[in-house]
Amino acid sequence: MCISISQVSRLRIHSFGSSCCERVHGWIKNSSSLKLLDVRASSVDGKARWIRRNVSTTTQGSRSNTKSSVLGGTVPVTRIIDEESRTKVQPFGNLQQRLAQDKDLSKLLTVIVSDLETTGLHRKNERIIEIAAQDIAGGGYSTFQTLVNPGVVPITNAHIHGIRNDMVCRPEVPRMEELIPIFLRYVESRQKPGGYVMLVAHNGKSFDFQFLINEFNRCSYEIPHNWLLLDSLPLARENMKSVEPTVKLSSSLEALADYYSLTREGDAHRALSDVLLLSKVFQKLTIDLKLSLSDLVLRCHTASDISAAMAKNKKA
DNA sequence: GGCCCTCTTTAGGGCCTT
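Just so it is clear: in the first sequence, position 166 is 166 by the UniProt record's numbering, and no numbers are missing.
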C-alpha cells in the first residue's frame, strides 16, 4: 500500500483517518505543511482545489524506457509508504529483536535510514532533488519518499539517477523550504516520546549529512538537537576488512548488496531503492560486527560536529 | 570532503557519495 500526500488530500483527510496509524494520521490531519501543498496547488491556475501531484517518468530520447517500465510510468512527488502492507513481511525482525533486548535505548531511539539524490557531487553548490527515508523498525507508514525542486540549479548528472530538470522543475514539486517541515513531521511521527533519532546514511558524514545541513541552513532551519547522524560507510569498511584483511574489498552499497546476496527493489541511484537496500545492508552489518545499539550511538556524529568541520574546512 | 592505505607521516592516491 502506497499513499502519497497528494492522494491523502484528494480523498478528504477526515474520511481517510481510520485507515492510518494513529501517529501519522495525527500529523497529516493537523499538518500546516499540508496546507503549503494546497496553496501551491492552488497557485497553478488560481483556483483552490486539490490536485494529484504526479510526475511522469515517461521520457523521450536517450533515457528511460527501461526506467519508466521499472517505475511503472509515474511516481508520486511526495509519499509515505505503508511498507508493512506492501511487503507482507517483517523485513527487519532481527534488528527489532536486538533493539527490544536493549531495554533502555530501544525505548528512546528511532533508527531512520536515509538517502539523497542531488544535482551533483559538490556539497556547497549542488542541490537535493530526491529524498527517501525508512524507519528501520518497519510497520505502517514507515517510509518517506519525495522529489525536490532544485530551482535554477541545473541537473548535470541525470545519467546517474535518471532525474531530469523537466521532472523536478515543476510547480507541483515542492522546494526544499516547503519540504523541510514535511520531512520534520514525518520524523516526528516515527519518534518515541522524548526520544532520539538516529539518521543513517552511506557515506553520510562526507556527503548526505553535509547536503542536509547546508539545505537546512539555507532555508533557515536547524537540524533538531535530538538527531544523531550515523555514517554506515565506516561500518562497511570495518566489516569488509575483517572478512578479507589482505585484500581491500569494495564497501560501496552495490558491493555490499552483492556480498550479502540482497536483491534491490527498483533502480540503483534512486533514493527509495537505495534506502530499502541500505536498510537491509545496515541490519547485516550490525549483526556481523556484533554492534549493540549503544555501540552505534557511540559511533554517531551530531549536526554541530559536522557543521564545525565544514566551517573549519571553509576557512582553510 | 573525509577517510583509509602505503611505495607514508614534511604525501599522495583511491574509494565512496551524486
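For each residue, glycine too, the CB sits at the ideal point set by N, CA and C. Note that the coordinates shown come from a computational prediction; the quantities given were computed from them, not determined experimentally.
Residue pairing of residue 114 in beta bridges, as defined by DSSP: 133.
Pairwise C-beta distances place the stretch 285-299 out of contact with the stretch 206-223, as fewer than three of them are shorter than 8 angstroms. For residue 191, there is no enclosing beta strand (DSSP E), as DSSP marks it with neither H nor E. With distances taken between CA atoms, residue 115 lies nearest to 132 out of 312, 195 and 132.
Contact annotation: residue 184 and residue 300 have beta-carbon atoms that are not nearer than 8 angstroms. Residue 112 and residue 127 have their C-alpha atoms spaced approximately 22 angstroms apart. Residue 81 carries a strand assignment under DSSP once its states are collapsed to helix, strand and coil. The three-state secondary structure of residue 196, taken from DSSP, is strand. Secondary structure note for residue 286: its alpha helix (DSSP H) is the uninterrupted segment 271-288. Note that the C-beta distance between residue 147 and residue 129 is below 8 angstroms.
For residue 207, there is no enclosing alpha helix (DSSP H), as DSSP gives it neither H nor E. The beta carbons of residue 145 and residue 213 sit no closer together than 8 angstroms. In the displayed model, residue 249 falls within coil according to three-state DSSP, outside both helix and strand.
In the three-state reduction of the DSSP assignment, residue 122 falls in the coil class, being assigned neither a helical nor a strand state. Around the C-beta of residue 284, 16 or more other C-beta atoms lie within 10 Å, and the residue is accordingly described as buried.
At a Cβ-Cβ threshold of 8 angstroms, residue 255 and residue 249 count as neighbours.
Annotated as distal: residue 181 and residue 149, with beta-carbon spacing of 8 angstroms or more. Rounded to the nearest angstrom, the Cβ distance from residue 251 to residue 264 is 17 angstroms, too far for a contact under 8 angstroms. In the DSSP annotation of this structure, the continuous segment of the alpha helix (DSSP H) that includes residue 235 starts and ends at 232-243. DSSP places residue 147 in the uninterrupted beta strand (DSSP E) bounded by 143-147. Looking at the backbone, the Cα of residue 154 and that of residue 170 are separated by about 13 angstroms. The residues 154 and 155, in chain order, have a CB closer than 7 angstroms to that of residue 165 in the same chain once the five nearest residues on each side in sequence are set aside.
Put simply, the backbone Cα of residue 244 is about 11 angstroms away from that of residue 237. Residue burial annotation: residue 311 is exposed, with fewer than 16 other C-beta atoms found within 10 angstroms of its C-beta.
In the DSSP assignment, residue 165 falls within the alpha helix (DSSP H) that extends over 165-168.
Between the C-alpha atoms of residue 232 and residue 286 there is a straight-line separation of about 10 angstroms. DSSP, reduced to helix, strand and coil, places residue 223 outside both helices and strands of the structure shown, so it counts as coil. Taking residue 158 as the centre and dropping the five residues before and after it, the same chain places the C-beta of 164 closer than 6 angstroms to its C-beta, in chain order. When the Cα atoms are used, residue 304 and residue 260 turn out to be separated by approximately 34 angstroms. The residues 110 and 135, in chain order, have a CB closer than 6 angstroms to that of residue 190 in the same chain once the five nearest residues on each side in sequence are set aside.
Annotation: residue 276 to residue 242 spans about 25 angstroms, alpha carbon to alpha carbon.
When secondary structure is reduced to three states using DSSP, residue 128 falls in the strand class.
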